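Going line by line, the protein sequences match chains X and L. Going letter by letter, the first sequence gives residues 8 to 689 in this note's numbering. Going letter by letter, the second sequence gives residues 22 to 280 in this note's numbering. By construction, the Cβ of each residue, glycine as well, lies at the ideal position given by its N, Cα and C atoms. Just so you know, these numbers come straight off a predicted model, no measurement behind them. Working notes, structure below.
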Amino acid sequence: MTLWSLTVQGVLARPRSWVVGLLAAGAAALLTPGVSLMGTIHDGTRRSLIESGAGDLQVYAAASTGTPQVVVGPGGVPDLQPIPDYGALEPRLRDLPGVQAVVPLELGMGAVFRGNALDEKLAVLREAARAPASEERDARLRRLGEDLRLTLARVARNADRRSEAFAEEPAFADDLRVLRDAAEPPFWERLTEDPQGLLEVLENRVARQAGEGEELPVDYLGTDVARFARAFPRFELVSGQLPPPGTRGLVMGHATYEQHFKHPIAVRMDTLRRERERGLTLAEDEQLRTLVERNVAEVPDLVARLDIERATALQAGLARVLGEPGELEALLARFLSVDDANFDTRFGQFYGELAPSLPLYRLKPGDVLSLKTPLESGTAVPVRVFGTFRFRGLGGDDGRVNTMSVVDLVTARHLSGRFTQAQQDEARALFETFGMEGEAMAPPESLDAFHPPDIVEAEAQTAHTEQAPVFERARALPETFSEDELSRGTVLQAAVVLAPGASAEDVAARIRALPGGEALATVGWQDAGGLLGGLVVMLQAVLLLFALLMSSFVALVAAGTLLLLARERVAEVGTLRAVGMQRREVFTSLLLEGSLLGGIGSVLGAVLGAALLWLATGDGVAVEDGSLQFFLGGPVLRPALALGGTVAVVVAVTAVVLLATLVPAWRGSAVAPIEAMRKGEG
Amino acid sequence: MNARRPLSVLLLGWTLLLPAVALAEAEPRLAPDALLRHIDEKMSFTSDYKGVIRLYETRKDGAKRAMEVHVYRREADNDLLFLSTKPRHLAGMGTLRIGRNLWDYEATTGSWRRNTQRTNLLNTFTCEADFDRSRLAEDYAGKDEGDDTVNGVAYRKLLLTAKNDQVTFPLMRIWVDPQNNIVKKVGYTASGRTLRTDIVRSYQRIKDPLSGKHVLHYKEVLETEEQEGTQMVVRYDEVVLAPLDANIFTKAWLESRLR
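Given below as structure tokens:
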């Protein structure tokens, strides 16, 4: 009791020692909301991932070299082996206590190729030319031909302007002559007699002058689409519908639809509006002005993609909103040259009056995509787009997770390029036919131990004796599939959604205990989230580093302050020792002073931090940024005070101050009574 | 009598081996660029070319597949066509080069795609240059890197740097045997990362009916893709050196291969 009162008197008598308490309070005031915010981010990301495809657990084959993921990361698609006998496993998984739903998945990186404006029009013309010769076919060809000729006339005018500014290579100049010819009516006279001949010229000499094509990414999760939509509560259909049962089809991530399939000019108009709503202006922001310039520069490409009807309607619409007639390209360029004064009006006119005449989206629900995985050896698979979807509250059209599309498993398996049993059997038969079966089984050779090549005498045939090969067209994948086809095929990973209150660890243990469970492995939402899950770990590491730096600062300043104070207290300590106080008691008293300062400071700091957190966020803060929405688990930030975390902050800060007090207390207690007296005399 | 027999056997053997020795005689050591021109010359046909390429691929995970591709080439017009004939699900797929356009044809969807000349062909890691005429001197500048002795044979090593950006490999290293035949080729990125290694296992010597010259054509090549570790043996069979119809190098011809 005496020791405590001595300690309290010591603290009260030396206001300079309160600096230590203030330091502790500052550290606790910063760390308390930090820890709470971290907890909110962790919980938000966990909910976001679990509710958008990752589930609580992902089951996969233990023999795989990769781990399952639900979003394509920088490393691409993980290397997974098919789950052994998935058809038998799935009902067992569903029956496990604590399991609410099981959804088979397969992650893939798809892409759709799109040619330039002329490529697209020529593809339509080629399709028309494939039809058997008839009056109707010729009439259609003439109509399409005239449309194309007008487009080529515009392309030729642009090319002429370009060649006035830049010297052309002779080979390009030759192609330019062909383009000019193709823009004149005489070139088209033989269209109905020799459409193929005309097409060969246009496709090989003219089309590339309109620029290169592009590959549009369509990353997807192969799954049972209907079950996926039911199992993940954030799934929200934006347009169209889900593929009917047993029908192959894709529901596109709405972010992909908006970012890659919406016309770039419209995307830039949207961006301009968004940025202006955030307070930026065209007058002050160069990036915004660049967007306007790019829109104007892309007018020729947009016009080239229009058919006659749309071009005429658009021209009339532009003349109406601008109040004067003119050429389509010039009017559109003028319309898109927006500034701060006219942007809002033009934006409204763009969507209200011009959009019906514009190819606003490159595809719409009901269209068929030719989907391919560029990195795999599979062929392109035609697949119908049934609609678009997003995960509710996870970043709208900016959110990474909303770029993922979902497609039926049968299509995903074909896209993967994995060989079917029939293809493997055929490959074996071909090895034999080619006389390669021995070599095919040989282990890979060393690339450094080569020998001079053999040279064999051979004789070439000097006449073509065989007819050119002709094939039955490889049958495109049917639009429907049977239940048997779906369930018997390979599955690479399955998301397990748990019932409320079930423990992921317990369910993982039950999965391992299933018959054949030793061939299975599981990962949690954090691993399945790949980079998204990893960012939470990174944030935790950053917070820990911040806490360590702050602790070091608190410890150093507290130790320094207390050492100075200890030197000033030599006389006092000496007197206490002279009246019979033991060194151990003095040491304890000084240590208690430090603890008291640290304890009171950190408690007050934690209360202050909690108050600041409450004041700053109140009932929640609306979050506009799509990526942040994902990490916070929704569009509103509601950080809850982490009670456990707050107690840990108080204990940790007090402990740091206590540690910092050790040396000053030891030095301060090492004063002999005689030294204090000498100091007093001096 | 007994002493003469070994001598006569030796002479007979020498007489029989003489043509082979003459053929294997080392060629003169040429300057790097002259060597590239020399290799191009002795590997180029004057006649139109048609051949059947059979290849089998072994992936790192053990998956294997076999393919058969028909190659049509007309040196005069720079036209080139690959038509996949086996396996069934890839039959009818093709790649067509007309002028400066490289078109990929997807047989299942009937769609065409204009590609760059550095792209991979027919869902494999082969590329256009693999089946085109040899164009080392046009595309690359060579630099000697000394000799490399492997299994007792000294091979000349050259580093080739691309002169244009249309080639598949911006950098290439070749090993050339004393007869000035390429034995090994390694393709690199511009930064020097290895992309692919080819070992020429054998050549076939074919008389070109148009020029009357003997041309050295690949017979079997082992190709290894570095990143995925996929290996492929490519065999060149059934060469026909006869004029090809100009219609072959059209989209319509390739489309008409499918019923």
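Check	Outcome
List, in chain order, every chain X residue whose beta-carbon is nearer than 9 Å to that of H91(L).	A475 and P476
What separation, rounded to the nearest whole angstrom, lies between the Cα atoms of V185(X) and S170(X)?	14 Å
Is Q203(X) near the ligand GTP, judged by its Cβ being under 8 Å from some heavy atom?	The ligand GTP is absent from the structure shown, which contains no ligands of any kind.
What are the complete beta strand (DSSP E) segments, minimum 3 residues, inside the stretch 103-135 of chain L?	115-119 and 122-127
Who are the neighbours of M443(X) on chain L, taking C-beta pairs under 8 Å?	R75, Y77, A87, V254 and R256
Say whether chain L places a C-beta atom closer than 9 Å to the C-beta of I57(X).	no
Specify whether the stretch 90-105 of chain X and the stretch 124-143 of chain X touch according to this definition: at least 3 beta carbon pairs, one from each stretch, less than 8 Å apart.	no
Nearest to L619(X) by alpha carbon, out of F638(X), V664(X), P646(X) and V328(X)?	P646(X)
Within the stretch 139-226 of chain L, note down every full beta strand (DSSP E) run reaching 3 residues or more, in order along the chain.	161-171, 174-183, 192-197 and 203-209
Find the residues of chain X that neighbour Y224(L), judging by a C-beta separation of less than 7 Å, and give them in chain order.	P460 and I462
In terms of residues, what are the limits of the beta strand (DSSP E) holding I48(X)?	Segment W25 to L56 is the alpha helix (DSSP H) holding I48(X); no beta strand (DSSP E) there.
Output yes or no for whether 9 Å exceeds the beta carbon distance between T668(X) and L556(X).	no
Any idea which residues DSSP pairs E244(L) with across the strands?	D219(L) and M253(L)
Taking only three categories from DSSP, how would you classify H267(X)?	helix
Between the Cα of N202(L) and the Cα atoms of I220(L), K234(L), T215(L) and W274(L), which residue gives the shortest distance?	I220(L)
At a cut of 8 Å, does the stretch 43-51 of chain X reach the stretch 533-552 of chain X through at least three beta carbon pairs?	yes
Can you tell me whether S377(X) is helix, strand or coil according to DSSP?	strand
Who are the neighbours of E96(L) on chain X, taking C-beta pairs under 7 Å?	Going along chain X, no residue has its Cβ under 7 Å from E96(L), so there is no contact; the nearest lies around 14 Å.
Could you have a look at E486(X) and say whether DSSP puts it in helix, strand or coil?	coil
What does T210(L) touch in chain X if you count any residue whose Cβ is under 7 Å from its own?	Those do not exist, as T210(L) stays about 17 Å from chain X at its closest Cβ, beyond 7 Å.
Mind pulling the chain L residues with CB within less than 7 Å of G277(X)?	Before going on, a small fix: residue 277(X) reads as Asp here, not Gly. In chain order: nothing, as chain L lies at least about 29 Å away.
If you draw a straight line from the alpha carbon of L179(L) to that of W195(X), how long is it in whole angstroms?	53 Å
Nearest-angstrom Cα distance between P307(X) and D404(X)?	27 Å
For F194(X), does the three-state DSSP call read helix, strand or coil?	helix
What does the Cβ neighbour count give for I57(X), buried or exposed, with the cut at 16 atoms within 10 Å?	buried
Determine which residues of the stretch 62-74 of chain X have a Cβ less than 8 Å from any Cβ of chain L, and write them out in chain order.	none
Give the interface partners of P389(X) over in chain L, defined as CB-CB distance under 7 Å, in chain order.	T130
Closer than 8 Å between beta carbons: that is the criterion. Which residues of the stretch 173-207 of chain X meet it against chain L?	A178, Q203, L206 and E207
Report the rounded CA-to-CA distance for R21(X) versus W11(X), giving the unit in angstroms.	16 Å
So with CB distances below 7 Å, who are the chain L contacts of A526(X)?	Chain L residues near A526(X): none, gap ~17 Å exceeds 7 Å.
Less than 8 Å between the CB atoms is what I'm expecting for H261(X) and R397(X), so what's the real figure, rounded?	4 Å
According to the Cβ coordinates, are Y77(L) and F242(X) closer than 9 Å?	no
Going along the chain, which residues of the stretch 94-122 of chain L sit with their C-beta nearer than 8 Å to a C-beta in chain X?	L104, T106, K107, P108, R109, H110, L111, A112, G113, M114, I119, G120, R121 and N122
Which partner residues of S246(X) appear in the DSSP bridge assignment?	T395(X)
Contact criterion: CB-CB distance below 9 Å. Does Q428(X) meet it with respect to chain L?	no
Any idea which residues DSSP pairs D100(L) with across the strands?	R95(L)
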